[in-house]
Each structure stands twice: as C-alpha cells, then as structure tokens.
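Structure, as structure tokens:
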Amino acid sequence: MATRLLSLPLILGLASLSGTVRADSLVLGGGCFWCTEAAYEIKPGVNAVTSGYAGGFTAKPTYQQISREHTGHAEVIKIDYDPAKVSLDELLAFFWKVHDPTQVGGQGNDLGPQYRSIILYADAAQKAAAEKSRTEAAKTFAKPITTEIVPLTTFWQAEDYHQDYFAKNPNAGYCVYVIKPKVQKLKKELSSPKP
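Here my numbering is used: the first residue of the sequence shown is 6, the next is one more, and so on.
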C-alpha cells in the first residue's frame with residue numbers, strides 16, 4: 006500500500022474545501038489508532054479522522070516497520086474539525102477520556118512505543134493548549150501523565166486498510182472486545198447532559 010505525505014498547510018487546515026467552511030486539524034495518539042479513530046469519529050464537530058504515523062525518524066513508514074519498532078513513530082490520528090462546532094480545548098479534554106495517559110509503553114495489551122500517548126502540535130497555540138490541557142487532566146489521575154507533547158514534523162497517512170477500521174470490521178475480535186465497549190461508553194458520556 007502506498008502511503009501519502011500530507012503537507013503542513015493541509016495538516017494545519019489552512020485550505021478550505023468550499024472557501025466558506027473553516028476546518029482545523031489536530032494530530033494525537035493514544036494507543037491503537039483504530040481505537041482513537043473510532044472514538045473521535047463520534048465527537049460532534051469532527052469532520053474527518055485519518056489514521057497515520059508521526060513522531061518518528063523514517064520517511065514513508067509502513068505498518069510493518071512501525072510494528073517492529075524500527076521507525077520511532079507512534080500510531081496517531083489526524084482530526085479535521087470545525088472550530089465553530091468544537092474547540093481545540095474540547096478535543097484535548099476528550100483525549101484524556103479515550104485512553105489511559107498514565108500507562109507507560111502502550112495502551113492496555115497493545116505494548117510498544119508505537120502505542121505511546123502523544124500530542125503533536127503544529128504551532129505555538131496548539132502547544133500551549135496541549136500543555137494547559139495536560140496540566141488540568143493531571144488533577145484527575147492518581148498516577149502521573151506520561152503523554153509526550155512534541156512538535157509535528159510530518160504526518161504519514163496509514164495504509165488504506167487501517168482507515169475507518171472499526172466501521173468496516175465491527176465483528177472483528179479486537180473491535181468487539183476493545184473498541185466497541187469504549188465507543189459505547191463514550192457515546193453515553195457524550196449524550197449525558199452537562200451540569
């Protein structure tokens with residue numbers, strides 16, 4: 006499968022499809038990208054979620070290379086969102102709910118540096134928002150947060166079979182036992198009235 010390099014202007018959401026719809030992007034990783042992709046796809050205001058790789062040192066990494074821990078990349082998602090419907094702060098607050106940011110070396114049974122908790126900022130505003138969000142989230146966890154906050158250099162889109170994995174494979178074992186319960190819990194939380 007060919008991977009595709011997205012240019013920094015596209016990652017930053019500077020290009021608009023219609024000229025009237027403004028969209029921004031955020032790149033983050035919280036374990037398996039199948040899980041985080043499915044979680045953010047249910048978040049109101051999110052236009053698209055793309056699974057990919059970032060935070061490493063190899064150009065055009067493949068899933069096989071990442072799985073063997075040869076590239077330094079993390080499995081991440083690029084979230085394209087409408088800032089008129091959801092704020093960067095809300096997306097970051099949701100991040101702390103979709104995974105365990107205190108686990109070292111992976112998420113659940115998905116172990117290895119490719120599953121680390123990471124936020125990759127595209128500019129100073131995203132960096133400041135991520136650091137502020139991490140500080141606030143730290144007050145709610147008993148253990149220290151291990152999430153890296155690092156500059157985004159390149160987002161590499163993952164192979165096609167990883168995109169919309171949960172939607173395309175709802176009966177696969179990992180989807181049934183790991184992703185589906187997480188998504189159901191998050192949907193319930195999103196539909197609960199706010200105090």
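For every residue, glycine included, the Cβ atom is placed at its ideal position computed from N, Cα and C. On a predicted model such as this, the values are computed, not experimentally measured, just so you know.
C-beta atoms of residue i and residue j nearer than 7 Å
| i | j | result |
| --- | --- | --- |
| S56 | I82 | yes |
| Q112 | A79 | no |
| A44 | L157 | no |
| L93 | A134 | yes |
| C37 | D115 | yes |
| T107 | I154 | no |
Three-state secondary structure assigned by DSSP to residue i
| i | result |
| --- | --- |
| F38 | helix |
| F171 | helix |
| F146 | coil |
| F62 | coil |
| E95 | helix |
| P186 | helix |
| S196 | helix |
| E74 | coil |
| D165 | helix |
Opposing strand residues paired with residue i [DSSP bridges]
| i | result |
| --- | --- |
| I123 | G34, E153 |
| K83 | V32, T55 |
| Q112 | D115 |
Chain-order list of residues whose beta-carbon lies under 6 Å from that of residue i (same chain, five-residue window excluded)
| i | result |
| --- | --- |
| K193 | none |
| L96 | L31 |
| A53 | D85 |
| Y170 | W39 |
| W101 | A142 |
| G35 | T41, V103, H104, S122 |
Per-residue burial, residue i [other beta carbons within 10 Å of its own, 16 or more giving buried]
| i | result |
| --- | --- |
| D128 | exposed |
| K187 | buried |
| F62 | exposed |
| I184 | buried |
| V109 | exposed |
| R73 | exposed |
| D165 | exposed |
| A163 | buried |
| F99 | buried |
Proximal residues to residue i (C-beta, below 7 Å), its chain only, five neighbours per side dropped
| i | result |
| --- | --- |
| P66 | Y58, T76, H78, W161 |
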